[in-house]
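Student: To start, I am sharing the structure in question, which I have written as structure tokens.
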Ligand code: CP
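Numbering (our numbering), first residue to last: 11 to 337.
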């Protein structure tokens, strides 16, 4: 049985095969490949794209998807082992996950970072608990460390718009009203390294990605020939780039400047003008207009965020098929 919760769960060869499968099915959609199959989606956090793209992938191909919203539509779940459950979480994953996996063929889990520490994100304890207690494949719908389906959908979007085997891409930090998790930028970096793309990560001082994710990306890059650069200067990071990928994430240091003092990091039309003439703009969504990204960028022809969101469906359809074929 295979799970897909981190990019490292797939080999380079499997990533390539999934991309080819996606491209073939985009041209000629398959029939009822998920007939009688049920995906249970467990949401600890809200979603628009992830829920809709997983659900439509199942429904369009003869299957069914059931969303369980932890703490609202279904019981609040305890995930820590060995605790006395005298608080507001009446059910433990130790029972809940085996029950779900008796009744469904595949489990999707969304559980964001607690924001407590990088060590906590690295443990990825909720998704690890689901993997431990499930007897069916588990697929990440974004966890503390990674959002791997988003990462692969982003790679597909770049392949479709940039005709180069080794595009030059820039992952750029943006301001936000709150410190967002780093799962999306982590997955974008890891996926670019696995695809052999050349990537520059630009962020203010005190907003670095975690050492462990950078180390993993550098190990991938050694195998694929990807070049990874780091910058604290937004203008130089986007110069001549073919992809600007904007994302807000929280500080890595307690001495980091506050986000509202960093408004020069809002992605603006000016940054598109500094880039390669064929540049595309990407963002995983949801995006806060004129806080993370200026209207002039989001409303430009270079903006591919809707293609990117649709590609979640295509990537996940192929991933679900891959996991069910290996269970
Ligand atoms: N990009 C993404 O995962 O969107 P949702 O949070 O709406 O699912």
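In this text, a Cβ means the ideal position worked out from N, Cα and C, and glycines have one as well. These figures come from a predicted structure and were not determined experimentally.
Quick one, which of 115, 86, 61 and 91 has its alpha-carbon nearest residue 99's?
Tutor: 86
Student: Looking only at C-alpha atoms, which of 205, 250, 150 and 267 sits nearest to residue 186?
Tutor: 267
Student: Are the CB atoms of residue 47 and residue 334 nearer to each other than 8 Å?
Tutor: yes
Student: Does residue 195 come within less than 8 Å of chain B when only Cβ atoms are used?
Tutor: Note that chain B does not occur in the displayed structure, where there is just one protein chain.
Student: Sorry if obvious, but does the Cβ on residue 160 come closer than 7 Å to a heavy atom of the ligand CP?
Tutor: yes
Student: For residue 196, report the span of its alpha helix (DSSP H) as first-last.
Tutor: 193 to 205
Student: Identify which residue in 54, 78, 280 and 164 has its Cα closest to the Cα of residue 179.
Tutor: 164
Student: Which whole-angstrom value is the C-beta distance of residue 120 and residue 55, which I expect to be below 8 Å?
Tutor: 5 Å
Student: Would you check if the distance between the CB atom of residue 193 and the CB atom of residue 263 is smaller than 8 Å?
Tutor: no
Student: Could you tell me the boundaries of the beta strand (DSSP E) in which residue 138 lies?
Tutor: Not the beta strand (DSSP E): residue 138 falls in the alpha helix (DSSP H), residues 135 to 143.
Student: When the Cα of residue 182 is compared with those of 169, 171, 196 and 173, which residue comes out closest?
Tutor: 196
Student: Check for me: the alpha helix (DSSP H) holding residue 65 runs from which residue to which?
Tutor: 59 to 69
Student: I'd like the list of long-range same chain contacts for residue 338, defined as Cβ closer than 6 Å, with 5 residues on each side in sequence excluded.
Tutor: It is not possible to answer for residue 338, since the shown part of the chain is limited to 11 through 337.
Student: Among the residues of its own chain, which have a CB less than 6 Å from the CB of residue 246, if the five just before and after it don't count?
Tutor: Setting aside the 5 residues that flank it on each side, residue 246 has no residue in the same chain whose C-beta is closer than 6 Å to its C-beta.
Student: For a test of your reading of the model: does the CB of residue 58 fall under 7 Å from any non-hydrogen atom of the ligand CP? Yes or no.
Tutor: Result yes, Cβ under 7 Å from the ligand CP.
Student: Give the C-beta separation of residue 50 and residue 139 to the nearest angstrom, bearing in mind that I take them to be a contact with Cβ-Cβ under 8 Å.
Tutor: The Cβ separation is near 15 Å, so there is no contact.
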